[in-house]
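The letter at position 200 of the sequence shown is residue 201 when you use the working numbering, and the numbering goes up by one with no holes.
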Amino acid sequence: QSPSWKHPFGTDMNGRDVFARVLYGARISMSVGFISSGLAGIVGVLVGALAGFFGGKIDSALMRLVDLILSIPSFFLLLMVIAMLEPNIYNVMIVIALTSWPGLARMVRAEVLSVRERDYIQAAVALGIGRWRIIWRHIIPNVMAPVFVAVTLGVASAILTESGLSFLGLGVQPPTPSWGNILAQGRSVMQFAWWMTVFPGLAIFITVLCYNLVGEGLRDALDPRLRR
Numbered sequence: 002q003s004p005s006w007k008h009p010f011g012t013d014m015n016g017r018d019v020f021a022r023v024l025y026g027a028r029i030s031m032s033v034g035f036i037s038s039g040l041a042g043i044v045g046v047l048v049g050a051l052a053g054f055f056g057g058k059i060d061s062a063l064m065r066l067v068d069l070i071l072s073i074p075s076f077f078l079l080l081m082v083i084a085m086l087e088p089n090i091y092n093v094m095i096v097i098a099l100t101s102w103p104g105l106a107r108m109v110r111a112e113v114l115s116v117r118e119r120d121y122i123q124a125a126v127a128l129g130i131g132r133w134r135i136i137w138r139h140i141i142p143n144v145m146a147p148v149f150v151a152v153t154l155g156v157a158s159a160i161l162t163e164s165g166l167s168f169l170g171l172g173v174q175p176p177t178p179s180w181g182n183i184l185a186q187g188r189s190v191m192q193f194a195w196w197m198t199v200f201p202g203l204a205i206f207i208t209v210l211c212y213n214l215v216g217e218g219l220r221d222a223l224d225p226r227l228r229r
């Protein structure tokens with residue numbers, strides 16, 4: 002049924018309200034975005050902080066691991082790992098997180114290399130404060146501003162990735178609705194049921210655009226070099 006007052010986004014081939022499915026799919030897609038981006042942020046901060054603060058062999062080993070993961074196209078790596086696992090929402094979250102943290106780790110490492118040379122860090126070392134306490138109390142809090150920006154932008158990227166995987170049948174599986182599998186279901190009836198692809202597509206577009214704008218706003222607010 003086409004869009005009407007009773008069904009603003011129309012219904013699908015099984016008579017289900019597309020508006021309700023898009024709203025429920027928002028919960029699924031955004032949960033994947035938040036959780037996977039959050040996990041990637043935690044791993045990236047830990048790896049980057051350890052590599053940047055300790056340096057030497059630890060830095061070399063961790064950065065070679067980062068380089069190895071970054072050398073593989075992320076979407077193909079996602080497809081390969083998902084193909085070996087059962088495609089469900091939890092595996093999608095984990096796989097997106099595992100392929101998203103290396104870039105964040107490299108950024109955090111660069112920030113830590115700068116912060117660890119500052120006077121208050123050198124004073125803490127001279128006073129005999131433990132390395133782990135310095136990392137947790139002085140290093141990580143001072144490198145979190147760009148991390149917040151990266152994690153916010155990562156939510157948008159994770160939503161796009163989840164939608165792509167679900168569209169290909171490798172992400173969230175029906176009957177659980179996500180924006181990606183709603184698009185996939187509407188693909189075969191696109192010629193005479195345009196609403197089944199247009200409205201989920203608009204939901205993805207608007208949500209990703211909003212998160213990108215929030216990320217850019219945070220970058221402008223938190224980076225003093227960009228303030229006028």
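Glycine is no exception: its CB is placed at the ideal position from the N, C-alpha and C atoms.
Model, not experiment: these values are computed from the prediction.
Here's the rule: buried if 16 or more other CB atoms are within 10 angstroms of the residue's CB, otherwise exposed. What is residue i?
i: residue 177; result: exposed
i: residue 142; result: exposed
i: residue 138; result: exposed
i: residue 89; result: exposed
i: residue 186; result: buried
i: residue 181; result: buried
i: residue 13; result: buried
i: residue 1; result: This structure does not reach residue 1, given that the chain is present from 2 up to 229, and the question cannot be answered.
Taking only the alpha-carbon atoms, compute the straight-line gap between residue i and residue j and give it to the nearest angstrom.
i: residue 193; j: residue 155; result: 35 angstroms
i: residue 20; j: residue 57; result: 55 angstroms
i: residue 215; j: residue 6; result: 33 angstroms
i: residue 165; j: residue 53; result: 34 angstroms
i: residue 48; j: residue 75; result: 19 angstroms
i: residue 147; j: residue 197; result: 38 angstroms
i: residue 110; j: residue 63; result: 10 angstroms
i: residue 159; j: residue 61; result: 28 angstroms
i: residue 91; j: residue 127; result: 45 angstroms
i: residue 10; j: residue 55; result: 55 angstroms
i: residue 123; j: residue 130; result: 10 angstroms
Which whole-angstrom value describes the C-beta separation of residue i and residue j, a residue pair presumed to lie in contact below a C-beta threshold of 8 angstroms?
i: residue 105; j: residue 157; result: About 14 angstroms; that fails the 8 angstroms criterion.
i: residue 83; j: residue 171; result: 5 angstroms
i: residue 85; j: residue 33; result: Not really, about 19 angstroms apart at Cβ, beyond 8 angstroms.
i: residue 161; j: residue 116; result: That pair is no contact at about 32 angstroms.
i: residue 200; j: residue 23; result: 6 angstroms
Please confirm whether residue i has its beta-carbon closer than 7 angstroms to some beta-carbon of chain B.
i: residue 89; result: The structure shown contains no chain B, having only a single protein chain.
Tell me, please, which residues DSSP counts as bridged to residue i.
i: residue 13; result: In the DSSP output, where bridge partners are listed per residue, residue 13 has none listed.
i: residue 18; result: 12
Requested in this report: Count the CB pairs spanning the region 201-210 and the region 115-135 that are closer than 8 angstroms, and state whether there are at least three.
Outcome: Verdict: no, contact absent.
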